[in-house]
Every structure is written in structure tokens, then in C-alpha cells.
Amino acid sequence: MRFDLSTFQFVDSARAPDALAVVAADRSLTWAQLRDEAVAWAGQAREHGAAPDVPVAIYGHKEASFFVAMVGALLIGAPFVPVDTIYPPERLRRIVEIVRAAAVYDAAAQGFEPGDGAELAERGLAYVMFTSGSTGDPKGVQIGRESVGLLGDWMLGSFGLGDAPVFMNQAPFSFDLSMYEVFATLAAGGTCVLNSREQIGAAATWMARLADNGISVWVSTPSFAHQQLANRDFSPATLPTLRTFLFCGEPLPAALAKKLRQRFPDAVILNTYGPTEATVATTWIEITDAVLAAHDPLPVGYAKPDCELRVQDGEICIVGEHVMRGYLNRPDLNEAKLFVTEDGRRGFRTGDLGQMEADGLLFCRGRMDDQIKLNGYRIELAEIDEALHGLPGVQGGACAVLRRPDGTAVRLIGFVAGGATGEADARFLQPDALSGWKDRLALRLPPYMVPSELVACPALPMSNNHKIDRKKLLDIYAAIPA
Ligand code: AMP
64 MRFDLSTFQF VDSARAPDAL AVVAADRSLT WAQLRDEAVA WAGQAREHGA APDVPVAIYG
124 HKEASFFVAM VGALLIGAPF VPVDTIYPPE RLRRIVEIVR AAAVYDAAAQ GFEPGDGAEL
184 AERGLAYVMF TSGSTGDPKG VQIGRESVGL LGDWMLGSFG LGDAPVFMNQ APFSFDLSMY
244 EVFATLAAGG TCVLNSREQI GAAATWMARL ADNGISVWVS TPSFAHQQLA NRDFSPATLP
304 TLRTFLFCGE PLPAALAKKL RQRFPDAVIL NTYGPTEATV ATTWIEITDA VLAAHDPLPV
364 GYAKPDCELR VQDGEICIVG EHVMRGYLNR PDLNEAKLFV TEDGRRGFRT GDLGQMEADG
424 LLFCRGRMDD QIKLNGYRIE LAEIDEALHG LPGVQGGACA VLRRPDGTAV RLIGFVAGGA
484 TGEADARFLQ PDALSGWKDR LALRLPPYMV PSELVACPAL PMSNNHKIDR KKLLDIYAAI
544 PA
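FYI, the numbering for the sequence shown is 64 to 545, going by this note's numbering.
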């Protein structure tokens, strides 16, 4: 059985209905069970106000019911809004308010909480994915049903995943990387093995779990795969069915690709690139030994079918039907980031610096703005600035990023002005000053956005155009006496 991404219906029902569709952290579902539960969920969701074009939020972490709810929402045309529990309740509340969800489905409790539910202006969306926003609020990326159909076609047509692939899923469903596994599992009639943070944390048993389920496609950020290299069971001996590494979300370091080629010589490594705003990914390339010999840094690949790439004034722009239908209720951002081509197609200005070779091979050369990736998570620094500014008694807040020599972000440092110290020199906050600042920030930010240290300074350094001077923040940090 499989789920067709043009009709959004289960099809081929007679074919292997007992094959596994979802192996979740809590329980497993065959394809027949997934279909029956999704149909039943759709009925319940309707009773709670979900309807075509009326969104429903799904809150949870790697439960089978989370997957069921996404499919149920697709069945009835209600755009789903996936929110992992890595987001604090305050952020969930804000997202539900912004999107005006009919209800929040709690996947662990398998129950619905009512929302104020309203039809979206955009019709025929598959999902709305919230990502870090520079105003202090997350921003909703609206992805149409046509776009996920194209994603499925591309993956099945170009990635060589084989029949009934078994996907290793670990990225939270609130990170669009995970939509790779969701939609390819559905389109191919495959299996999605969901791994919770707790399961991944228990490294020895976790690899055995992946082996028992015969995973064939590893989907993650490069950072996540890098962390696994320390585990000796992360090897073909333990994972003999693993054939493909599918990477996206941040630069793939050549050194990591080389180590993976050594450890998994028979596996295919795919580097893919693209923002959430263009439905998971837009370019791809197989990282062969020849590519490794020719390039460091590695290219992000060639445009996927039905997509046009342009590098305009150094910025990567993406044109195609897989470009989002805009940020929800953000005409200002849509005006700045979206455009329509001469032949009427949707285009998106990514904010990524790029370079394209004559044959269309694309290289990504970093960002034009204050958006960063930390361990694969997408972060707008201004959103953290806002949260720091909201701490009691401070007159200004900003953050800066510590990076390795190769440019990889490793840590966030927070800075506050007019904090409790009032001294002329910058210094780390004493334990009693602004006590509980991490807990306060964690009420509105996910843990990966909470800085690891806080520095108080008399005033925040500004650049000539009255923006926070993040480079000078790093100078302040470096000058703090040990
Ligand atoms: P997200 O929306 O979380 O997928 O983040 C998208 C951003 O991550 C892109 O705009 C790039 O800045 C970066 N990115 C994604 N994939 C890659 C890649 N393969 N290489 C370099 N940067 C990437």
C-alpha cells in the first residue's frame, strides 16, 4: 500500500497491507493500521473543527499518533502545523494563535484542545512550518499540496532509494528536514522509523534498534551524523542494509563525507540543499570520490527537476512550484523575499550567497544576514536578541556566535545592557544577578536557542547603521578577564 501525493488517498490497498509503515518510539503501525487510524483521526479532527484549509496543530515527539495525525490532516485537506515538544508551551501557544488552528492535537495524550479555527487565505496547503523569525515571533512557511507532490516525485525518481525504503527519522517534525522521510515513506509505500531523543541518547541500544528495523536510508543533518562517528556500532557490520545517506540543512564538510566513505564504502552520500521555504530541498548531488577529489568546500548540487536556480547579485534565488505560498500574515516579508518571474512562476530570494558553474553546479557560500545554523537548527539571531531584551531589568539584549575556524557555529553568547551589574566593564553575570535567566529564556525559546553564557555590559555596541555590531560583541567577550 502507499499514499498518493496527487490525490492524497491511500492506494494499492491490496499490496502488502501488513508491511510496516511506521515504527515509532511508542508503537508500530502496518500500512492497513496507518490507513484505518488516519481515517478515524480525520473523523475526530472534523468534529473539532478541522476542515479543508482550516489548520490543525500537532504537538508531540515521535509518537505513532503524530504520524497518523499528519496523514489524517492530508486526507481531509486541513493544513497540519507540526510542533515538536522541543518547543516550549509558550511557543506552541503563539504558533496556534498566529495560525488560528482549529485545534491542537496532543499526540502523546491522543486528545484535542480547541483553538479558534479560521480558514487560511491560501487554499490547498499541505502544511505550515514555523521557523525562527527575526521579529521575535516564529514565522509560518505555507507549503502547498502541489509542492509535496513534487517532493515525492523527485525523491522517488532521482534518489535511487529502491523499493519500499526504510527511513531513519530523527529530526523533529517541526524541522522541515523530517518531511523528506514523511513524504517519501508515503509516496513509496516504505517504512519510517521514528527515533526519540531518549532512544538516540541510549547509543548502544539505539543502533541495535536501527539494525532490527533494517534501515536503508539515513536522513539527518551532517552535524548529527558527525556525532555518530564516535559510536563503533555506526558501521556496515551493525547496519548492513544502510545504502544511502541523505543530508540537508547545513554545509556538508568534505572531511565528514570522506570519513563516511571510508566507514561505509558501499553507501551513497547525497548532499542536498534548500530552505524550508522551498519544500525541504532544491538541489542535490551524489558525493562520489571524484567530487571529493575535485572540491572542498563541497558543492550543493544541481537544481531538481522543474526548478530554476538563479544567482542574482550573489544571492541564490529559487524558482518553481515548490516555492512556498508565502509567510503566513507577513506581507512585509513576502514583499521582500518572494517574486514572480516573467512567465508567472513563484520565486524566492534565499538570503544565501551562491556561486554557480556554467553547467549549473551550485555552491553555497554562507548567509547575507543574521540567520545561522547551530547543530543543524535554523536560528534568527534577532529572535534571541528580543528574548534577551525581555529579561527583567535589562535595557537591551543581543547575542553573538562563537565559531570554529572553519566557520561552523558552536555556541551562542548572550549580552545584556543595563543589567544588574551597572559597572563600566563587561563581565559575566554573577549567580545572583538576573538569576534564572536561562529558565526565563527557555519559557519562550527552544533549548537550542538559549545562549550558554550571559555577559553584562554597560551598553551594546552599535554599527554605523544602528544595528547591533555582533563582531564587537565577540571582541567584548574575548576581552573578559579569565
Ligand atoms: P532550513 O530552512 O532549516 O532547511 O535551513 C535552510 C538554510 O540552511 C539554507 O538557506 C542554507 O543557509 C542552509 N543549508 C541547507 N542545506 C545546506 C547545504 N547542503 N549546504 C549548505 N547550507 C545549507
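For every residue, glycine included, the Cβ atom is placed at its ideal position computed from N, Cα and C.
Because the structure is a prediction, the values reported are computed rather than measured.
Query raised in the report: To the nearest angstrom, how far is it from the Cα of Gly215 to the Cα of Leu425?
Result: 22 Å
Requested in this report: Give every residue of the same chain whose Cβ lies closer than 8 Å to the Cβ of Lys530, excluding the five residues on either side of it in the sequence, and list them in chain order.
Outcome: none
Query raised in the report: Mind pulling the beta strand (DSSP E) runs of 3 or more residues that sit fully within the region 389-439?
Result: 401-403, 409-419, 425-430, 434-437
Query raised in the report: If you run the structure through DSSP and keep just helix, strand and coil, what is Ile149?
Result: coil
Query raised in the report: Do the CB positions of Thr301 and Ala274 come within less than 7 Å of each other?
Result: yes
Query raised in the report: By DSSP, does Asp89 sit in helix, in strand, or in coil?
Result: coil
Query - Proximity to Ala522 [Cα-Cα], best of Pro299, Gln173, Gly203, Arg533 - result: Arg533
Report task. With a threshold of 6 Å, establish whether the CB of Arg373 neighbours any heavy atom of ligand 1. Result -> no
Query raised in the report: Between the C-alpha atoms of Arg109 and Trp500, what's the straight-line distance to the nearest angstrom?
Result: 41 Å
Report task. If I'm right that Ala136 touches Val117 with Cβ under 8 Å, what's the distance once you round it to whole angstroms? Result -> About 10 Å separates the two Cβ atoms, so there is no contact after all.
Requested in this report: Give the DSSP bridge partners of Tyr31, in chain order.
Outcome: Residue numbering for the chain in the displayed model covers 64 to 545; residue 31 lies beyond these limits and cannot be assessed.
Report task. Measuring alpha carbon to alpha carbon, tell me which of Ala132, Thr335, Ile263 ends up nearest Gln290. Result -> Ile263
Query raised in the report: Which residues mark the beginning and the end of the beta strand (DSSP E) in which Pro177 is found?
Result: 174-177
Requested in this report: Let me know if Phe139 comes out buried or exposed under the rule of 16 or more other beta-carbons within 10 Å of its beta-carbon.
Outcome: This sequence places Ile at residue 139; Phe is not what is there. With 16 or more Cβ atoms within 10 Å of its Cβ, Ile139 is classed as buried.
Requested in this report: Taking Met242 as part of the beta strand (DSSP E), name the residues at either end of that continuous run.
Outcome: Run containing Met242: none in the beta strand (DSSP E); it sits in the alpha helix (DSSP H), 242-251.
Query raised in the report: What's the call for Val74, buried or exposed, on a 16-neighbour Cβ count within 10 Å?
Result: exposed
**Report entry** Rounded separation between Phe546 and Leu333 - CA only
**Finding:** Past the boundaries of the shown model lies residue 546; the chain is included only from 64 to 545, so the question cannot be answered.
Query - Boundaries (first-last residue) of the alpha helix (DSSP H) holding Ser286 - result: 285-291
**Report entry** Where the alpha helix (DSSP H) containing Leu273 begins and where it ends
**Finding:** 266-275
Query - 8 Å contact criterion, which Ser195 and Glu443 should meet: CB distance rounded - result: 4 Å
**Report entry** Secondary structure of Arg157, DSSP reduced to three states
**Finding:** helix
Requested in this report: Would you mind working out which of Val119, Arg503, Val159 sits nearest Ala189, comparing C-alpha positions?
Outcome: Val119
Report task. Taking only the alpha-carbon atoms, compute the straight-line gap between Ser69 and Thr346 and give it to the nearest angstrom. Result -> 22 Å
Query raised in the report: Which residue from Pro360, Gly377, His385, Phe230 puts its Cα closest to that of Ala308?
Result: According to the sequence displayed, residue 308 carries Phe and not Ala. Taking only the C-alpha atoms, the option nearest Phe308 is Phe230.
Query raised in the report: In three-state DSSP terms, what is Ala330?
Result: coil
Report task. Buried or exposed for Leu497, please, with buried defined as at least 16 other CB atoms from any protein chain shown within 10 angstroms of its CB. Result -> buried
Report task. Give me the Cα-Cα distance between Tyr390 and Lys367, rounded to the nearest whole angstrom. Result -> 23 Å
Report task. For Leu83, count neighbouring Cβ atoms within 10 angstroms of its own Cβ and tell me buried if that reaches 16, exposed if not. Result -> buried
Query raised in the report: Given 8 Å as the limit, is there contact between the region 312-322 and the region 275-288, that is, 3 or more CB pairs closer than that?
Result: yes
Requested in this report: Return yes when at least one heavy atom of ligand 1 lies under 6 Å from the C-beta of Asp415, else no.
Outcome: yes
Report task. For Arg306, name the three-state secondary structure that DSSP assigns. Result -> coil
Query raised in the report: Are the beta-carbon atoms of Glu153 and Leu506 separated by less than 7 Å?
Result: yes
**Report entry** Enclosing beta strand (DSSP E) for Glu446 [first to last residue]
**Finding:** Here Glu446 belongs to no beta strand (DSSP E); instead the alpha helix (DSSP H) covers 444-452.
Requested in this report: Compare the beta carbon distance of Phe130 and Val85 with 7 Å and say whether it is the shorter of the two.
Outcome: yes
Report task. Identify the continuous alpha helix (DSSP H) that holds Gly106 and give its terminal residues. Result -> 94-110
**Report entry** the region 240-248 contacting the region 197-215, beta-carbon criterion three pairs below 8 Å
**Finding:** yes
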